[in-house]
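According to our numbering, the sequence shown is numbered sequentially starting from -12.
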Amino acid sequence: MEGRYAIVRDVPDTYPKCIRTNKSEEIDVELAKKQHRMYCETLTNLGLKVIKIPADERYPDCCFVEDTAIVVGNKAIISNMGAPSRAGEEKKVKELLAKYKKIFEITPPATIDGGDVLKIDKNIYIALSERTNEFAIQQMKNFLSKDSYKIIPVKIKGILHLKSVCNRIGNDYVLLAKGYFDDEIFSGYKKIVTPKEETYAANCLSINKKVLIAEGYPHTKKLIEREGFDVIEMNVSEFKKGDGGLTCLSIIF
Ligand code: CIR
-12 MEGRYAIVRD VPDTYPKCIR TNKSEEIDVE LAKKQHRMYC ETLTNLGLKV IKIPADERYP
48 DCCFVEDTAI VVGNKAIISN MGAPSRAGEE KKVKELLAKY KKIFEITPPA TIDGGDVLKI
108 DKNIYIALSE RTNEFAIQQM KNFLSKDSYK IIPVKIKGIL HLKSVCNRIG NDYVLLAKGY
168 FDDEIFSGYK KIVTPKEETY AANCLSINKK VLIAEGYPHT KKLIEREGFD VIEMNVSEFK
228 KGDGGLTCLS IIF
C-alpha cells in the first residue's frame, strides 16, 4: 500500500482487559507499549508521517485503531464497530480524519470493523463476519456509489477479520491463509499462501515496497522473499495475544 499518513493510537494501561479469545497468556502492557513504539518508528522510517492519538483508558482495545474508520480516496467512513465495548473509540479518530477527508458514518443496524475491509485498487472486499454485517455493506455501497468502486462481500469463518488472513503485498500479490474464506475471489492475483501453522503471518503490511510481517514466521518470510520482496520482521507478540496484529495498529492513507 502506498500512503503518506499513518494514524496510530497509543496503548492504554488497561490494554490487558481487551477483548481476546485466548486468555491463557498474560499480556505485558509495558512490552506492548515498547512494541508499539517500534512499530511507529518503523512506519516513520518507511516514509510515513505518523499521527498519534493519545490512548483512552476507557477503551482497552483503542490501540487497534484500524477498526475505527475506513479511508477510501477523499472519504473517511467512520465505523459503528461490531463489539459494543469499543463504541466511542471512533470519536477522536473522526475528529482527526475530518481535517483531511470528507466524513461519512456507518449507523445502526449496520456494524463494521475496519479490519474487515480490504482495498485493492478499485475493488473493496468487505467481510461478512462476526463484526461486520449486510447493512454495513449496503451503507458502504451508498457512500461510494459515485466513486466507481466495486464492493465485493466475502463470507469469512473461524477468524476475527478478513485482514487477519488476507492482505495485498506489492502490485499483483496477495498473502493469505487458506480455509477462512473462498480465495477464488483473488483468482486474478498471484497468491502467496502461508503454511497452516503460520496463519498469523498473513496479517502483514505493505508499505512503500517493503513488507512488514510478524516475527517468528520463517516459512512465510521465505515465500515472500522468493517473489522478490524485502521483508521487515516485527515483534508484535503482545498484540497477537489481543487478537490483533500489524494492520490493526494503523490507518494508512
Ligand atoms: C478486538 O477484538 O476488537 C480486538 N481485541 C482486536 C482487534 C484487531 N483488529 C483488527 O484485526 N483490525
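Ideal placement from N, C-alpha and C gives every residue a C-beta, glycine not left out. These figures come from a predicted structure and were not determined experimentally.
Option in R73, L35, Y112, V(-2) with minimal Cα separation from P41:
Ranking the options by Cα distance to P41, first place goes to V(-2).
Report the option in S11, K4, K89, A189 whose CA atom is closest to the CA atom of E44.
Of the candidates S11, K4, K89, A189, the one whose C-alpha sits nearest the C-alpha of E44 is K4.
Would you say E12 touches the ligand CIR, meaning its beta carbon is less than 7 Å from a heavy atom?
No, the Cβ of E12 stays beyond 7 Å of every heavy atom of the ligand CIR.
Going by DSSP, what residue range makes up the alpha helix (DSSP H) through E77?
Run containing E77: 77 to 84, per the alpha helix (DSSP H) assignment.
So, I211 versus I156, is the Cβ gap smaller than 8 Å?
Against a cut-off of 8 Å, the Cβ pair of I156 and I211 comes out as a contact.
For the beta strand (DSSP E) holding I179, just list the boundary residues, first then last.
For I179, the enclosing beta strand (DSSP E) starts and ends at 177 to 180.
Bridge partners of A199, per DSSP?
For the sequence presented, residue 199 should be read as Leu rather than Ala. Answer is L192, I219.
Measuring from the CB of I6, is there a heavy atom of the ligand CIR at a distance below 7 Å?
Yes, the beta carbon of I6 sits closer than 7 Å to at least one heavy atom of the ligand CIR.
Since I believe N67 is in contact with I99 (beta carbons under 8 Å), could you give me their beta-carbon distance rounded to a whole number of angstroms?
Under the criterion of beta carbons closer than 8 Å, I99 and N67 qualify as touching, at roughly 7 Å.
Which of the three DSSP states is assigned to V59 in this structure?
If DSSP states are grouped into helix, strand and coil, V59 belongs with the strands.
Measuring CA to CA, which of S151, S224, A(-7) is closest to C191?
The residue with the shortest Cα to Cα distance from C191 is S151.
Using a Cβ-based criterion (distance less than 7 Å to any ligand heavy atom), does G231 qualify as near the ligand CIR?
Under cutoff, so the answer is yes.
M25, buried or exposed, once every other Cβ within 10 Å from all chains shown has been counted against 16
Per the 10 Å Cβ criterion, exposed.
Just grab the DSSP bridge partners of I107 for me.
When beta bridges are read from the DSSP output, I107 appears opposite N110.
Whose CA, out of L83, K62, T55, lies closest to the CA of R73?
For the residues L83, K62, T55, the minimum Cα distance to R73 belongs to T55.
Between H23 and the ligand CIR, is the CB less than 7 Å from at least one heavy atom?
The answer is no for H23.
What does the Cβ neighbour count give for N154, buried or exposed, with the cut at 16 atoms within 10 Å?
Burial of N154 is indicated by the presence of at least 16 other C-beta atoms within 10 angstroms of its C-beta.
Just how far apart, CA to CA, sit L163 and N222?
For L163 and N222, the distance between alpha carbons rounds to 20 Å.
Please classify T94 as buried or exposed, where buried requires at least 16 other C-beta atoms within 10 Å of its C-beta.
With fewer than 16 Cβ atoms within 10 Å of its Cβ, T94 is classed as exposed.
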